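With our numbering applied, the sequence shown corresponds to residues 1 to 187, in that order.
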Amino acid sequence: PSFPFNGVAALPRELSVSQVQGKWQVSVAPARELEGLRQETKAQGPFEVNGTKDLKQILAQNEGAFELTMQVAQKDARRLAIIICNEKGEQTELALTREGEWQLNRTKGGRFPNGMTQSAMAAEKLPVHRLQIFVDRTSVEAFLDGHTVMSDLIFPSQPFTSLRFQTEGGKAEVSNLKVYRLDAKKK
Numbered sequence: 001p002s003f004p005f006n007g008v009a010a011l012p013r014e015l016s017v018s019q020v021q022g023k024w025q026v027s028v029a030p031a032r033e034l035e036g037l038r039q040e041t042k043a044q045g046p047f048e049v050n051g052t053k054d055l056k057q058i059l060a061q062n063e064g065a066f067e068l069t070m071q072v073a074q075k076d077a078r079r080l081a082i083i084i085c086n087e088k089g090e091q092t093e094l095a096l097t098r099e100g101e102w103q104l105n106r107t108k109g110g111r112f113p114n115g116m117t118q119s120a121m122a123a124e125k126l127p128v129h130r131l132q133i134f135v136d137r138t139s140v141e142a143f144l145d146g147h148t149v150m151s152d153l154i155f156p157s158q159p160f161t162s163l164r165f166q167t168e169g170g171k172a173e174v175s176n177l178k179v180y181r182l183d184a185k186k187k
């Protein structure tokens, strides 16, 4: 990957046109057929995050491909980060800010060639956001509220096996958290 193209569109997607904050836009969602890749499911929540909340057990024995779905309410948090990481300290971070920014940071994501390591885009200011995040050995694709997506390449030296939530400046709430192990070999 090189500048200016740093992202990847690895998953099949469904496109539609919808109104977001009174403006028409193309919405992007993962194809429904991806649900056929889901294997075992783990669920957790609802829970409050005030500082750091580790959920190490929820990704235990991950072999590299999984999907996270959840709803998040920022409450009074200035920033809410969702961090996927491994035992070596490599991590990829997705975050929502009070100012309406949706961020992806792979600065500590493992081995990667020169290029962008952080990106951000506008997010609607909603009381509750819906997230659907797909991770495999080399990519992360994060869908926000059924119409916005960020994708990037990641290069961890071993699979991500831990999930952490972190807030700055207040509390947030996570509900309906589900982790699906994905069968990456299924056709």
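We put the CB at the ideal spot given by N, CA and C, even for glycine. Everything numeric in this text was worked out from a predicted model, so none of it was measured.
Measuring only the C-alpha atoms, how far is LEU155 from GLY64? Position 155 of the sequence shown holds residue 155. Position 64 of the sequence shown holds residue 64. Sequence inspection shows Phe at residue 155; the Leu mentioned does not correspond to that position. So the two alpha carbons sit approximately 11 Å from each other.
Pairwise C-alpha distance: ASP54 and GLU14: Within the sequence shown, numbered from 1, the residue matching residue 14 stands at position 14. Within the sequence shown, numbered from 1, the residue matching residue 54 stands at position 54. Cα to Cα, the separation comes out at about 33 Å.
Can you give me the start and stop residues for the beta strand (DSSP E) that THR52 sits inside? Translated into the one-based positions of the sequence shown, residue 52 becomes position 52. Looking at the DSSP string, the run of the beta strand (DSSP E) that includes THR52 is 52 to 54.
Between the stretch 136 to 155 and the stretch 38 to 49, do three or more beta carbon pairs fall short of 8 Å? The stretch 136 to 155 and the stretch 38 to 49 do not touch, with fewer than 3 CB-CB distances between them shorter than 8 Å.
Beta carbon of VAL149, beta carbon of VAL28: below 8 Å? In the sequence shown, counting from the first residue as 1, residue 149 sits at position 149. In the sequence shown, counting from the first residue as 1, residue 28 sits at position 28. For VAL149 and VAL28, yes; Cβs fall inside 8 Å.
Please list the segments of the beta strand (DSSP E) lying wholly inside the stretch 49 to 83, counting only runs of 3 or more residues, in order along the chain. The beta strand (DSSP E) runs of length 3 or more contained entirely in the stretch 49 to 83 are, from start to end of the chain, 52 to 54, 66 to 73.
Would DSSP call ARG111 helix, strand or coil? If you number the sequence shown from 1, residue 111 lands on position 111. In the three-state DSSP reduction, ARG111 falls in the coil class, being neither helix nor strand.
Endpoints, the beta strand (DSSP E) within which SER157 is located: If you number the sequence shown from 1, residue 157 lands on position 157. Under the DSSP assignment, SER157 falls outside any beta strand (DSSP E); it carries neither an H nor an E label.
Given that a residue counts as buried once 16 or more other Cβ atoms are within 10 Å of its Cβ, and exposed if not, what is ASN114? As a first step, residue 114 must be located in the sequence shown, where it is residue number 114. Residue placement at ASN114 is poorly supported in this model, since its pLDDT is 49, which falls under 50; the coordinates still yield a value, given next. Exposed is the call here.
Name the one or two DSSP bridge partners that HIS129 has. Position 129 of the sequence shown, counting from 1, holds the residue named residue 129. Residue pairing from DSSP places HIS129 in a beta bridge opposite VAL72.
Using a Cβ-Cβ cut-off of 7 Å (strictly less than) and excluding sequence neighbours within five positions of LYS125, which residues of its own chain qualify? What you label residue 125 is simply residue 125 of the sequence shown in a count that begins at 1. Within the same chain, and ignoring the five residues on either side of LYS125 in sequence, the residues whose Cβ sits closer than 7 Å to its Cβ are GLY100.
Counterpart residues of THR92 in DSSP-defined beta bridges: Along the sequence shown, read from residue 1 onward, the residue named residue 92 stands at position 92. DSSP output for THR92 lists ILE84 as bridge partner(s).
Measuring CB to CB, does LEU163 end up less than 8 Å from LEU59? Stepping through the sequence shown from its first residue, residue 163 is reached at position 163. Stepping through the sequence shown from its first residue, residue 59 is reached at position 59. Yes, Cβ-Cβ distance for LEU163 and LEU59 is below 8 Å.
Taking GLU151 as the reference, give the member of LEU94, THR161, ASP183, GLU168 with the closest Cα. The sequence position of residue 151 within the sequence shown is 151, counting from 1. As written in the sequence, residue 151 is Ser, which differs from the Glu given in the question. When each option's Cα is compared against that of SER151, the closest is LEU94.
Spatial distance of GLN71 from ILE82 (CA atoms): Stepping through the sequence shown from its first residue, residue 71 is reached at position 71. Stepping through the sequence shown from its first residue, residue 82 is reached at position 82. Taking the CA atoms as reference points, GLN71 sits about 12 Å from ILE82.
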